[in-house]
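FYI, in the working numbering the residues of the sequence shown are 24 to 206.
Backbone N, C-alpha and C fix where the C-beta goes; we use that ideal spot for every residue, glycine too.
Predicted model only: the values in this text are computed from it and were never measured.
Following: one structure in structure tokens, then a few remarks.
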Amino acid sequence: MVDLADIQAAYYMVAATGVLVAAIFYVVNLRETSKNRKITFTTSFMQQFYSKENSRRFIDLRQMKWSNIDEYMKKYDSEVNPENFADRWSFLGMLDVLGYQYKTGLVDIYTLYELGWSPILMMWIKFKPIIMMYKKSDYGEDTYANFERLATEMWRIKNMKDPTWKEHDGGGFKSEDIKQTFS
24 MVDLADIQAA YYMVAATGVL VAAIFYVVNL RETSKNRKIT FTTSFMQQFY
74 SKENSRRFID LRQMKWSNID EYMKKYDSEV NPENFADRWS FLGMLDVLGY
124 QYKTGLVDIY TLYELGWSPI LMMWIKFKPI IMMYKKSDYG EDTYANFERL
174 ATEMWRIKNM KDPTWKEHDG GGFKSEDIKQ TFS
């Protein structure tokens with residue numbers, strides 16, 4: 024004959040097994056959700072970052088030339104060149120948002136590195152002196168702080184993966200400029 028204690032023990036085992044199965048299902052579901060979030064981010068990032076419009080904006084910014092801050096202000100400041108300002112604001116702002124997403128843990132730095140280290144580093148190298156000037160004058164110390172954090176991490180990973188990059192043409196920059204930017 025089956026004892027009441029045996030029935031209760033069997034019931035507890037079934038209940039515990041149910042809880043264990045639910046926990047395993049939850050963990051598997053959480054991992055899948057995280058994986059899907061990364062896929063969604065990557066797809067969205069690729070569509071925006073490597074769009075034709077954004078690629079043209081990147082090229083226009085890369086082609087900007089100035090020899091000092093005064094020349095930059097005369098040619099490109101928002102009051103004299105609103106079109107260029109809109110390109111800078113849009114592109115650099117997008118990089119600042121990526122830096123914020125990295126800072127808050129929404130995206131993985133190695134994913135960002137694999138998807139776009141080159142334009143991120145090139146824009147930081149080119150615009151760091153300008154950003155630092157704006158930080159000191161108009162906009163405050165937190166101006167593009169997330170972009171700076173992102174570029175610093177990209178630089179760290181690039182140096183780890185390819186330490187000779189700074190000795191090469193570094194995307195059209197002199198090696199002294201690159202070393203000075205990240206020293």
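Would you mind giving the Cβ-Cβ distance between residue i and residue j, rounded to the nearest angstrom? I have them listed as a contact below 8 Å.
i       : j       : result
Ile-92  : Met-177 : So it is not a contact: roughly 25 Å between Cβ atoms.
Phe-72  : Leu-115 : Incorrect: roughly 13 Å between the Cβ atoms, too far for contact.
Asp-110 : Leu-144 : With 8 Å as the limit, Asp-110 and Leu-144 do not qualify as a contact, their Cβ atoms being about 18 Å apart.
Tyr-125 : Leu-135 : 6 Å
Asp-119 : Tyr-167 : 5 Å
Pro-142 : Phe-81  : 6 Å
Tyr-95  : Asn-107 : Their Cβ separation, rounded to whole angstroms, is 10 Å, which puts Tyr-95 and Asn-107 out of contact at 8 Å.
Leu-121 : Leu-173 : 6 Å
Could you please give the first and the last residue of the uninterrupted alpha helix (DSSP H) stretch that includes residue i?
i       : result
Pro-152 : 132–157
Lys-75  : 75–85
Ser-113 : 105–126
Gly-41  : 27–72
Leu-173 : 168–184
Tyr-95  : 92–99
Give me the residue from the options with the minimum Cα distance to residue i.
i       : options                          : result
Leu-138 : Lys-181, Val-50, Ala-33          : Lys-181
Asn-77  : Lys-58, Ala-33, Asp-165, Met-117 : Met-117
Thr-63  : Gln-86, Met-36, Ser-90, Leu-129  : Leu-129
Using a beta-carbon distance below 8 Å, is residue i in contact with chain D?
i       : result
Ile-148 : Protein chains in the displayed structure number just one, and chain D is not present.
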